[in-house]
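Okay, structure first, notes after.
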Amino acid sequence: MEEPVSDHSAIRNPWFRRLPATLIPKTSVLAEISGAVGDLGTYIPIVLTLTLVSHLDLGVTLIFTALYNIVTGLLFGIPMPVQPMKSIAAVAVAESTHLTLPQIAAAGLSTAAVLLILGATGLMSVLYRYLPLPVVRGIQLSQGLSFAFTAIKYIRYDQDLVTSKSGGPRSWLGFDGLLIALISCLFLILTTGAGDSYNEEPSSSEPLNGSESRSGRRVRRLRILSMIPAALIVFLFGLLICFLRDLSVLKYLKFGPSKLHIMRITWEDWKIGFVRAAIPQIPLSILNSVIAVCKLSADLFPDREASAMTVSVSVGIMNFVGCWFGAMPVCHGAGGLAGQYRFGGRSGASVVFLGIGKLVLGLAFGNSFAQVLSQFPIGVLGVLLLFAGIELAMASKDMNSKEESFVMLVCAAVSLTGSSAALGFGVGIVLFSLLKLREFDCSSSSSCFGFQKMKPKSDAEEEEAETHLLA
Numbered sequence: 012m013e014e015p016v017s018d019h020s021a022i023r024n025p026w027f028r029r030l031p032a033t034l035i036p037k038t039s040v041l042a043e044i045s046g047a048v049g050d051l052g053t054y055i056p057i058v059l060t061l062t063l064v065s066h067l068d069l070g071v072t073l074i075f076t077a078l079y080n081i082v083t084g085l086l087f088g089i090p091m092p093v094q095p096m097k098s099i100a101a102v103a104v105a106e107s108t109h110l111t112l113p114q115i116a117a118a119g120l121s122t123a124a125v126l127l128i129l130g131a132t133g134l135m136s137v138l139y140r141y142l143p144l145p146v147v148r149g150i151q152l153s154q155g156l157s158f159a160f161t162a163i164k165y166i167r168y169d170q171d172l173v174t175s176k177s178g179g180p181r182s183w184l185g186f187d188g189l190l191i192a193l194i195s196c197l198f199l200i201l202t203t204g205a206g207d208s209y210n211e212e213p214s215s216s217e218p219l220n221g222s223e224s225r226s227g228r229r230v231r232r233l234r235i236l237s238m239i240p241a242a243l244i245v246f247l248f249g250l251l252i253c254f255l256r257d258l259s260v261l262k263y264l265k266f267g268p269s270k271l272h273i274m275r276i277t278w279e280d281w282k283i284g285f286v287r288a289a290i291p292q293i294p295l296s297i298l299n300s301v302i303a304v305c306k307l308s309a310d311l312f313p314d315r316e317a318s319a320m321t322v323s324v325s326v327g328i329m330n331f332v333g334c335w336f337g338a339m340p341v342c343h344g345a346g347g348l349a350g351q352y353r354f355g356g357r358s359g360a361s362v363v364f365l366g367i368g369k370l371v372l373g374l375a376f377g378n379s380f381a382q383v384l385s386q387f388p389i390g391v392l393g394v395l396l397l398f399a400g401i402e403l404a405m406a407s408k409d410m411n412s413k414e415e416s417f418v419m420l421v422c423a424a425v426s427l428t429g430s431s432a433a434l435g436f437g438v439g440i441v442l443f444s445l446l447k448l449r450e451f452d453c454s455s456s457s458s459c460f461g462f463q464k465m466k467p468k469s470d471a472e473e474e475e476a477e478t479h480l481l482a
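The numbers in the sequence shown follow our numbering, run straight up by one, and end at 482.
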């Protein structure tokens with residue numbers, strides 16, 4: 012993937028020149044805002060589920076994730092996402108005995124401690140430098156396809172977020188009907204296409220006749236379509252449906268932020284949180300939240316590649332600040348970065364805009380805003396998640412050789428069927444090592460693994476040997 016040519020109209024604006032370099036929009040402001048909502052297809056369902064099942068305080072989570080968004084936008088200069096720790100969230104709500112908030116916080120803090128140590132000691136940078144690219148691409152492909160599969164379920168079937176189960180087929184009509192989701196999907200395809208960018212105007216020196224004239228008109232038309240903040244429009248449309256579905260949610264809105272208090276975590280909470288939730292989360296955070304997101308940042312923004320050490324330390328610090336106050340455990344994620352890039356995010360300004368929006372909602376309505384989000388059409392969220400997942404999966408398109416594709420596809424298949432990125436990673440490393448061992452060159456020594464070195468025959472010697480055998 013290549014970063015599109017920047018639209019320098021924002022840079023020429025005197026107001027933007029006063030901003031830090033990481034916050035200067037690379038395209039239009041509307042495109043950056045549209046990109047900001049590109050990862051909400053993952054964020055909203057997980058946060059809403061934890062709010063309904065585990066009594067997470069949405070107001071506290073909105074405020075802290077808003078601060079994380081603003082700081083990461085300033086620090087990285089790319090639309091670095093802030094997403095829920097998915098494995099912890101899955102364990103918290105999927106098992107028969109749900110995790111309590113202190114146990115969720117303990118799991119987040121335990122995971123953060125591991126990433127902080129790996130980042131601060133430089134071990135994460137060593138892992139990032141030496142991990143085979145086909146294995147990383149396999150993890151990205153599996154995560155992208157996993158998002159896409161979940162998105163299709165959101166679109167096709169009714170969802171019970173509390174039990175994390177799909178119901179019957181979604182009805183065609185209604186505010187959360189299949190028709191609404193399909194219209195949103197078609198709108199995104201027509202406006203954003205396959206995610207290509209058209210930021211270069213056709214040259215005015217080109218003759219305006221024949222095929223060249225038609226090509227110029229086509230590029231201009233596609234460029235106009237790509238300037239539409241499509242994801243933002245779809246999200247605002249979904250927000251409007253929240254109120255149309257049930258106007259009574261307005262009476263549940265209360266002005267003012269949630270009260271902050273420090274979480275009391277017992278030794279039992281630490282033990283349960285670490286064993287049940289942190290252990291499955293740690294490998295996923297290392298692979299998808301650090302390694303994969305850094306590789307993807309190098310693909311999308313070659314001049315602004317995120318450092319594995321910085322990303323790892325960032326995850327650690329974020330959770331050590333917020334988890335003590337009951338905020339949801341978070342990480343960075345390749346899927347979120349792909350989604351925000353897919354819909355127009357090109358700089359740190361994108362996630363700063365998202366952070367400002369979260370901060371306003373968190374300070375204005377606190378936990379009561381969960382009543383509004385509970386009415387958000389799940390089918391529309393599925394559409395946003397589908398495009399983010401496909402964009403992440405497409406990062407694997409640079410595996411050109413058969414050997415690289417073989418390792419990547421086996422790694423992805425194991426990750427998907429075993430529901431474990433760590434298992435897929437392990438299989439991918441073993442497979443990659445075996446393929447390299449198969450090509451091991453022993454010609455530098457007189458023997459290899461106890462076998463006498465065979466001197467290669469020349470063409471003349473081989474011909475003579477064949478003639479002798481035929482005779």
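Glycine included, every Cβ here is placed at the ideal spot set by N, Cα and C.
These figures come from a predicted structure and were not determined experimentally.
Would a C-beta distance cut-off of 8 Å place residue i and residue j closer than the cut-off?
i      : j      : result
ARG181 : GLY390 : yes
LEU126 : LEU372 : no
ALA433 : PRO340 : no
ASP310 : ALA159 : no
ASP171 : GLY178 : yes
GLY249 : PHE387 : yes
VAL394 : VAL173 : no
GLY359 : GLY84  : yes
CYS342 : MET96  : yes
GLU43  : PHE364 : yes
THR10  : SER237 : Because the chain is modelled from 12 through 482, residue 10 falls outside the range shown and cannot be assessed.
PRO240 : PHE443 : no
Give the DSSP-derived three-state secondary structure of residue i in the structure shown.
i      : result
GLY179 : strand
GLN386 : coil
VAL371 : helix
ASP169 : strand
VAL341 : strand
PRO95  : strand
ASP409 : helix
ILE37  : Sequence inspection shows Lys at residue 37; the Ile mentioned does not correspond to that position. Residue state, collapsed to three classes: coil.
ARG29  : coil
PRO143 : coil
SER431 : coil
SER257 : Residue 257 is actually Asp in this sequence, not Ser. Reduced to three states, the DSSP call for ASP257 is coil.
MET135 : helix
LYS447 : helix
SER379 : helix
ASP314 : helix
SER358 : coil
PHE246 : helix
GLN463 : For GLN463, the pLDDT reaches just 44, beneath the cut-off of 50, and the residue's location in the model is therefore unreliable, leaving the point undetermined.
By a C-beta neighbour count over all protein chains shown, 10 Å radius and 16 as the cutoff for buried, is residue i buried or exposed?
i      : result
GLY333 : buried
SER457 : Residue placement at SER457 cannot be trusted, given a pLDDT of 46 that sits under 50; what the coordinates show is reported in the next sentence. SER457 should be labelled exposed.
ILE273 : exposed
GLY70  : buried
LEU129 : buried
ASN411 : exposed
VAL483 : Any property of residue 483 remains undetermined from this structure, which presents the chain solely from 12 to 482.
ASP68  : buried
PHE312 : buried
ILE200 : exposed
LYS413 : exposed
ASP314 : exposed
ILE235 : exposed
PRO31  : exposed
LYS262 : exposed
PHE462 : In this prediction, PHE462 scores a pLDDT of 43, lower than 50, which makes its location untrustworthy; the coordinate-derived value is nonetheless stated afterwards. Exposed, by the Cβ-count rule.
THR132 : exposed
LEU7   : Lying before the first or after the last residue shown, residue 7 is absent from the chain, which here runs from 12 to 482.
Below 8 Å on the Cβ atoms is my contact criterion, and I expect residue i with residue j to pass it. Report the Cβ-Cβ distance as a whole number of Å.
i      : j      : result
GLY206 : LEU403 : Rounded, the Cβ-Cβ distance is 11 Å, inconsistent with contact.
ILE81  : GLY366 : 4 Å
SER98  : ALA423 : Not a contact, Cβ separation roughly 18 Å.
GLU415 : PRO145 : 4 Å
LEU392 : TYR165 : 6 Å
ALA118 : ALA288 : 4 Å
GLU316 : SER308 : 5 Å
GLY46  : GLY347 : With 8 Å as the limit, GLY46 and GLY347 do not qualify as a contact, their Cβ atoms being about 11 Å apart.
LEU120 : PHE331 : 7 Å
Answer yes or no: the CB of residue i versus the heavy atoms of the ligand NAD, is any distance below 7 Å?
i      : result
LEU134 : Summarising the ligand content, the structure contains no ligands, and the ligand NAD is consequently not present.
Practice task
Please confirm if the region 277 to 292 is in contact with the region 323 to 335, defined as three or more CB-CB distances below 8 Å between the two stretches.
Solution key: no
Exercise for the section: Evaluate the contact criterion for the region 56 to 65 versus the region 299 to 310: three or more CB pairs, one atom per stretch, below 8 Å. Expected result: no
Practice task
Please determine if the region 373 to 393 and the region 265 to 279 are in contact, where contact requires at least 3 C-beta pairs separated by less than 8 Å.
Solution key: yes
Problem - the region 30 to 39 in contact with the region 380 to 390 per 3-pair CB rule at 8 Å - result: no
Practice task
Please confirm if the region 347 to 365 is in contact with the region 78 to 93, defined as three or more CB-CB distances below 8 Å between the two stretches.
Solution key: yes
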